[in-house]
Amino acid sequence: MVHLVHKTQDVTNTDPAAQEIRTAVANFVKINENGTPEAAPFDSATLDVYYIRKATKDLVTGKVTYGNWKLNTNKGRNGFQIVSGAWALPTDSSSKITVTAPDLDGYEKADSLANGQLTTEFGTADNIISKLTTYYVPKSLTQKTINRVINFTPVNQPGTPSVTQTTTQSVTITRPVRVNADDSGVVFDGFYGSGWTTGKWDRYNKIPVPNDYTKVIKQIVTNPDGTTTETTLNIPNWRPIPAQTVTIDTLPTVINITYTATATAILEGTNESTYTGSPITLDDLNDGDGDNPIYAGIGGPTGAPYTLQAGDVEFSSDNGKTWTTEMPTNAGTYELRWSEQGKQNIIKEFGNNSIKWVDAQGNPISGPANVGTYSIKLKNSALSTLQKDNPNFTLTNGSGLADYTITQAQASGVLSGSNSRTYDGQATTTAEVNSNGQIGVTVTFPGVTDANKTYILKDGDYQWNSGSAPTNAGSYTITLTPDGISNLEKYILGLAGSGQNNTPNVVFADNAFTGSASYTINAAENTVSVDGTQTETYTGQEISVKYNANGNNSVQVSISAKDGATASLSNVQLDSGDFQIVDLSGNSIKATNAGGVYHIILTNAGVAKIQKAVGDNYKISQGTSFGTLVINKAQASAEFSGNPSSTYTGSANSDYLNGFSIKLNEPNNPTYNLVAGDIEFNVDGTWTTNVPINVGKYEVRLSQTGWEHIKEINSDNVTWAATASAGTGTYTITPATVDTQLSGHNSMVYNGDSVTTADLYTDGSTIKVAISGNNIVNLPSSFTLEDGDYTWNTQDGKTPVNAGNYSLTLSSAGLYKIQAAIDEAVGKGNVILSKDNTGSAIFQITQAISPDVQLDGNEKSEYNGHAVSFDPTNKETKKNFGFNNVKGLTIPELTADDFEWVDQDGNQIAAPTDAGYYYLQLNEEGKSAFANANPNYTFVKDGKSTISGRITYHIYPASLIIGVSGTASQVYNGQNAAITQTQLDNGDIKLVWGNSNDEPIGLGSFTLTPEDLEVVDSDGNPVSHANAQENDKTGNPTYYVRLTNTALNKIKALTGASNYDISLGGTTGNFLIYARKAQVTLNGNQTTTYGTDLALDPSAYHIELTNWNSSVPVNRC
170 MVHLVHKTQD
180 VTNTDPAAQE
190 IRTAVANFVK
200 INENGTPEAA
210 PFDSATLDVY
220 YIRKATKDLV
230 TGKVTYGNWK
240 LNTNKGRNGF
250 QIVSGAWALP
260 TDSSSKITVT
270 APDLDGYEKA
280 DSLANGQLTT
290 EFGTADNIIS
300 KLTTYYVPKS
310 LTQKTINRVI
320 NFTPVNQPGT
330 PSVTQTTTQS
340 VTITRPVRVN
350 ADDSGVVFDG
360 FYGSGWTTGK
370 WDRYNKIPVP
380 NDYTKVIKQI
390 VTNPDGTTTE
400 TTLNIPNWRP
410 IPAQTVTIDT
420 LPTVINITYT
430 ATATAILEGT
440 NESTYTGSPI
450 TLDDLNDGDG
460 DNPIYAGIGG
470 PTGAPYTLQA
480 GDVEFSSDNG
490 KTWTTEMPTN
500 AGTYELRWSE
510 QGKQNIIKEF
520 GNNSIKWVDA
530 QGNPISGPAN
540 VGTYSIKLKN
550 SALSTLQKDN
560 PNFTLTNGSG
570 LADYTITQAQ
580 ASGVLSGSNS
590 RTYDGQATTT
600 AEVNSNGQIG
610 VTVTFPGVTD
620 ANKTYILKDG
630 DYQWNSGSAP
640 TNAGSYTITL
650 TPDGISNLEK
660 YILGLAGSGQ
670 NNTPNVVFAD
680 NAFTGSASYT
690 INAAENTVSV
700 DGTQTETYTG
710 QEISVKYNAN
720 GNNSVQVSIS
730 AKDGATASLS
740 NVQLDSGDFQ
750 IVDLSGNSIK
760 ATNAGGVYHI
770 ILTNAGVAKI
780 QKAVGDNYKI
790 SQGTSFGTLV
800 INKAQASAEF
810 SGNPSSTYTG
820 SANSDYLNGF
830 SIKLNEPNNP
840 TYNLVAGDIE
850 FNVDGTWTTN
860 VPINVGKYEV
870 RLSQTGWEHI
880 KEINSDNVTW
890 AATASAGTGT
900 YTITPATVDT
910 QLSGHNSMVY
920 NGDSVTTADL
930 YTDGSTIKVA
940 ISGNNIVNLP
950 SSFTLEDGDY
960 TWNTQDGKTP
970 VNAGNYSLTL
980 SSAGLYKIQA
990 AIDEAVGKGN
1000 VILSKDNTGS
1010 AIFQITQAIS
1020 PDVQLDGNEK
1030 SEYNGHAVSF
1040 DPTNKETKKN
1050 FGFNNVKGLT
1060 IPELTADDFE
1070 WVDQDGNQIA
1080 APTDAGYYYL
1090 QLNEEGKSAF
1100 ANANPNYTFV
1110 KDGKSTISGR
1120 ITYHIYPASL
1130 IIGVSGTASQ
1140 VYNGQNAAIT
1150 QTQLDNGDIK
1160 LVWGNSNDEP
1170 IGLGSFTLTP
1180 EDLEVVDSDG
1190 NPVSHANAQE
1200 NDKTGNPTYY
1210 VRLTNTALNK
1220 IKALTGASNY
1230 DISLGGTTGN
1240 FLIYARKAQV
1250 TLNGNQTTTY
1260 GTDLALDPSA
1270 YHIELTNWNS
1280 SVPVNRC
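Take 170 as the starting number for the sequence shown in this note's numbering and just add one per residue.
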């Protein structure tokens, strides 16, 4: 046999299904102010990626098989073609490409990597990343500039305008942005380094305080809703506006620093006017003509006179008890003082609110205020007024005075407030305590003003709960010292003044000064930063951080302060476990692959270790910088080996690669499963990737295509040699062993002839010779038997004739012919036929259906009261039955057990006894005996026996002649003679049944009664006269006893009467009637008178008969 190998053709360059253009698209999406995607600011950047896979066409079947996809570096530029946008393409066989996103003013770029540089890889996998997105995020969402504007308006020099000096303190804080996990938008939180940074507004020191001026510091913050909130900052003189940490929650702030002059408001002098009946006028107030006219105005830096207006002053004519702004009309002396309206007009006109209200001597323009006892005397003007109002009296001003006493008031103070600073390693100073103007003692006493109600602490005024001025971070409490209380008392006494005899206007209780203030030293915020590079070679295992403090191939850690002192890392003992490797989004990852982007940062535990080492005076956080882990590719090699073998199949073994192996010297020790085309065979001196088919031993080596496949293994992490690896192998194809199996079944109906080869393959035959191998191409699957190819497994080795089951097996000649057929089909030597277990077939010669066998015959016997016994072995009996239609059949020697009795309806019955017609037929044993005698036949057709018919058997009735025997007698009684029951009971008369006095078998029981018999003469007439004398043995004439016809009919009606032919015989019984012996006696009498004739009267006499039968009438005469 010649085995044909299908010819193939490489159609890679012509088959459309072997080449694809896949498109990578870089989209650019703008983010709204609310953080959600909006429209695209730029057209998408598009890149065509060319892919190819090897296509091999079977020129016989037309089927095309394909290899794996890979970049088609022969098209475009190394497999890429820019359609639009800015793409950085590889210059060698690298499969990494980068697209650069354009800049957009006012927006920051965010993508899966950084700086708008998106990189992806196009390998051999089908599912490549084909969509890249850059998000443009408004800088308003990532940057926020928060300003503190300080407007300082100094006191102007006379004649020059005041010029405001503006200082803007600007802090810009930022936060990073990342693309979310499903590349559908951006996120600002939830990744390493997320959140807003912080900044700092520096302290502002330039705040002079000129004499006679009060500084006013107003802070105005702009709330998120646009409204503003204004507060007054109470910063002690010569103290700066403190520095402030700026966070995302810090609001834009404006601080206005202005000055108000400290002026003295004066109301002094005396004016007079003459009563006119009308209220005085403003001219009366402002233009007095006395020596000391009323003067209104202010002194100080902004001093000037003031023209009183209506309502500016209040009048009192009752020594200050009541006051009114109404101009007085009546004569009298009036005291004047500033009204609230007047004060406000002064403030309005002169532009300050620090005015002291005094008289011309500098005293307050009210009644006495200081401690002391004062005399009150009625003014002459008041006396005149009284005289005028009381003309009927003459009034004089006596010498008596009223006393008015002002006692000392209680003064007190409360220390309160809070302040803080950042740890700087120095002890806290009084200046730092007072830096924000919030810590002070608020004093309380009559006359205290806003300008002097707060006492600013000085050295020695206070003490710390820590015992000394604190240095370390923490919360502390300040309380007043005795010296501080003393200084406070002096301060208040200086403000409150004294009265008569230099007695202070105020007095202090023992607990007049209370309270405390809090002061916090905040930990200095330090930032630790990781930088530097650790370089490793790919190992296939996870690579961890290897830290050493000397910086030898290791990242380094530095620290800087945001504010305050900078901690030292000299006592911090970091190790490799204090670092972690993260991706661009700050998520912890495992570093395994070469070329990956791996950032090294401190772990939370590492940061905590630094925090613990530097102490609580520092607040350690990790910055946004990072170290870099670089994993370089490892060098890899491979070695080919293997010496597998396979069994001939007639086609290329699809599993031929099994047994060859590639030992990959690569960090992961991976396994590579060879694929079609990876190896080539030396067939007749020519190297080919086509797998050999015929039996033989072939040299094998790795093909260049196979080597190219291996070079693709983990190519991102390892570098392979350019040429194929070392090593060779062999491939052996051994002859296939096939089996042949004779099997199946056929049958024929017995016909008396020997089985022929043609009989083996008649319709319905399953006899076959199967040739089975393991998927051997062109291997014959069957073989048709001919004479001589098989042998019969009979006892004598001859071809069977009779019905039965026979087996046949392949002969040596048959096996030889099968091997020859195989060699012709697949080629000699490729397949060897096994001669073991060649099987066998079954041939059945089934029984022929016998003709319809008919049993026929007649047999009879006389009823004898016993069941009939049928003996077919009896010669005479054999003459009375036989079988019809039995040509060619053997009649078996049947016994009585082979028959069964049936009635005329065919119902089986027991052997009959009673007279009648009965039938005999073969039972199952008889039929089996018939079948056993004829094994080549079956006596069943369509489920029914082919043996039928029956023998008719007649049991005819037995002859039964019934007679009477015995002698009975009676004495003449004048009646017809009859048999009595007593005579029957005594057995005088009996029935004669044939020749026996016993009742016949099976007749039934018959009880003889007197009525069944009759006594007759020879003529058959009844008799009554005596025929014998006493002692006679015979009668004359003879009387006979016989059955009546009625009795005969009764016997014939017995249950078993049908078994007999019943008739009356001539046998009768005898009957004697004996003559009766009788005596006659005449009895009776007649009486008459003597001498009288006696006439005979018959009635007087009667005859008595003795031994006379009363039934016989007596003839009387």
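Backbone N, C-alpha and C fix where the C-beta goes; we use that ideal spot for every residue, glycine too.
- A Cβ-Cβ distance of about 6 Å is found for the pair threonine 498 and serine 447, placing them in contact under the 8 Å criterion.
- Just so you know, the alpha carbons of alanine 718 and isoleucine 800 end up roughly 21 Å apart.
- Assignment of beta-bridge partners to proline 206 by DSSP yields Ile200.
- Going by DSSP, aspartate 908 is part of no alpha helix (DSSP H) but of the beta strand (DSSP E) stretching over 905-912.
- Across the structure, proline 813 and tyrosine 867 are spaced so that their CA atoms are roughly 10 Å apart.
- In the structure shown, valine 332 falls within a coil segment according to DSSP collapsed to helix, strand and coil.
- Contact between asparagine 1033 and alanine 1127 is confirmed by a C-beta separation of about 7 Å, below the 8 Å threshold.
- The beta-bridge partner set that DSSP reports for asparagine 974 consists of Gln1013.
- Bounds of the beta strand (DSSP E) holding histidine 768 are 767-771.
- It is roughly 12 Å from the alpha-carbon of threonine 302 to the alpha-carbon of phenylalanine 211.
- Just so you know, the alpha carbons of arginine 222 and serine 950 end up roughly 39 Å apart.
- Collapsing the DSSP output to three states places tryptophan 492 in coil.
- Annotated three-state conformation of leucine 310 is helix, per DSSP.
- The C-beta of arginine 246 has fewer than 16 other C-beta atoms within 10 Å across all chains shown, which makes the residue exposed.
- 9 Å or more divides the Cβ of arginine 870 from the Cβ of asparagine 883.
- For the options Thr336, Thr398 and Pro393, the alpha carbon positioned closest to that of lysine 375 is the one of Thr336.
- Rounded to whole angstroms, the separation of the alpha carbons of isoleucine 1220 and isoleucine 1078 is 28 Å.
- Every beta strand (DSSP E) of 3 residues or more that sits fully in the region 861-939 is shown, in chain order, as 865-871, 887-889, 897-903, 905-912 and 914-918.
- 9 Å or more divides the Cβ of leucine 1129 from the Cβ of tyrosine 1243.
- For asparagine 656, the enclosing alpha helix (DSSP H) starts and ends at 651-665.
- The region 396-404 and the region 602-617 touch, with three or more beta-carbon pairs separated by less than 8 Å.
- Annotation for threonine 429: the continuous beta strand (DSSP E) segment containing it runs 422-437.
- Serine 723 and aspartate 785 have their alpha carbons spaced roughly 29 Å apart.
- Under DSSP, lysine 384 takes part in a beta bridge, and its partners are Tyr428.
- Rounded to whole angstroms, serine 1009 and threonine 230 show a C-alpha spacing of 39 Å.
- The three-state secondary structure of valine 946, taken from DSSP, is coil.
- Taken atom to atom, the span from the alpha-carbon of threonine 1257 to that of leucine 1265 is near 11 Å.
- Collapsing the DSSP output to three states places aspartate 212 in coil.
- Apart from the 5 residues on each side of it in sequence, methionine 496 sits with its Cβ closer than 6 Å to the Cβ of Pro448 and Ile449 in its chain, given in chain order.
- DSSP lists Gly466 as the beta-bridge partner residues of proline 474.
- Under the DSSP assignment, isoleucine 516 falls in the alpha helix (DSSP H) whose first and last residues are 509-519.
- Assigned with DSSP and collapsed to three states, asparagine 1228 falls in helix.
- Taking all protein chains in view, the Cβ of serine 581 is crowded by 16 or more other Cβ atoms within 10 Å, so the residue is classified as buried.
- In its chain, beyond the 5 residues on either side, Pro813, Ser815, Val860 and Tyr900 have a beta carbon closer than 8 Å to the beta carbon of tyrosine 825.
- For glutamine 703, the closest of Asn721, Gly709 and Gln710 by C-alpha to C-alpha distance is Asn721.
- Here the alpha carbons of threonine 1107 and alanine 1100 stand approximately 7 Å from one another.
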